[in-house]
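Participant: To start, I am sharing the structure in question, which I have written as structure tokens.
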Amino acid sequence: VPFIPSKSGLGTDVLAREGFPPDVRGRDGVAPHKAHLMADPFDHGEDQVALLPALTPDVALLHAQQVSTDGTVRIRGLTFADLEQCKAATAVVVTCEEIVPASFLKLEPDRNSLPPFLVDAVVPVAYGAHPTACPYFYDYDPAHLNLYKAAAKDDDQWSAYLEEWVYGVESWDAYLDKIGGAQLARIRANTVAGYAPGLDRR
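Here it is in structure tokens:
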């Protein structure tokens, strides 16, 4: 579908202000207009609707619990807009907690989230959703999210956070080493409940 009608944002700056400069609109996959306002054709033109263009990202990045050897993706827990983003994207890269045999995901196909023909690349990355949660594998990391929250309040602290936790680590393994095995053990999920009961969430 090239666009969708919506009333969200009508009368607000969300629709009144552009997110892209005029020279960017209409090129490199960016829609020529943020929205198009029109009269609702079903109420004699008394109300307005906004026509919103479809999003067409070049690449969608997704983290999942399991991906099979043939590229089938299984997400356990809430998917939010992940599946729609993947279906709209030109290419899809999935990081995952584990790669499993295709035969395993075929045992319960109704629990699978994306078919292999939508997936372009698969990268196994343990704790790849950290500091957020990956249900049935690990809970969110309240200590790190509080660190993130505090840093985000100040430009200098934010720059220092990025230097320490993003640019200053050589690899994902180095990042996990910096988090520490004890903290990773604390957030490990109960495989039945899907989260870490008793985790101090303050």
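Residue numbering for the sequence shown follows the working numbering, beginning at 493 and increasing consecutively. Note that CB positions come from ideal geometry on N, CA and C, so glycine has one too.
Taking the C-alpha atoms as reference points, what is the distance between residue 601 and residue 551?
Facilitator: So the two alpha carbons sit approximately 26 angstroms from each other.
Participant: Pull up the CB-CB distance for residue 567 and residue 631, whole angstroms please, since I reckon it's below 8 angstroms.
Facilitator: 16 angstroms between Cβ atoms; not a contact.
Participant: Which same chain residues, not among the five before or five after residue 628, have their C-beta less than 7 angstroms away from its C-beta?
Facilitator: So the list reads 557, 568, 681, 683 and 686, once near-sequence residues are dropped.
Participant: Tell me, to the nearest whole angstrom, how far the beta carbon of residue 546 is from that of residue 580; I am working on the premise that it is less than 8 angstroms.
Facilitator: Indeed, because the Cβ distance is near 7 angstroms, the residues count as touching under 8 angstroms.
Participant: Kindly list the residues whose CB is nearer than 8 angstroms to the CB of residue 588, restricted to its own chain and excluding five residues on each side of it in sequence; keep chain order.
Facilitator: Contacts found: 555, 556, 557, 558, 559, 565, 614, 615, 616, 617 and 620.
Participant: Tell me which residue opens and which closes the alpha helix (DSSP H) that residue 654 is part of.
Facilitator: Residue 654 -> alpha helix (DSSP H) spans 647-654.
Participant: May I ask you to report which of helix, strand or coil DSSP gives residue 684?
Facilitator: Coil.
Participant: If I measure Cβ to Cβ from residue 523 and keep anything under 6 angstroms in the same chain, skipping five residues before and after, which residues do I get?
Facilitator: So the qualifying residues of the chain are 545.
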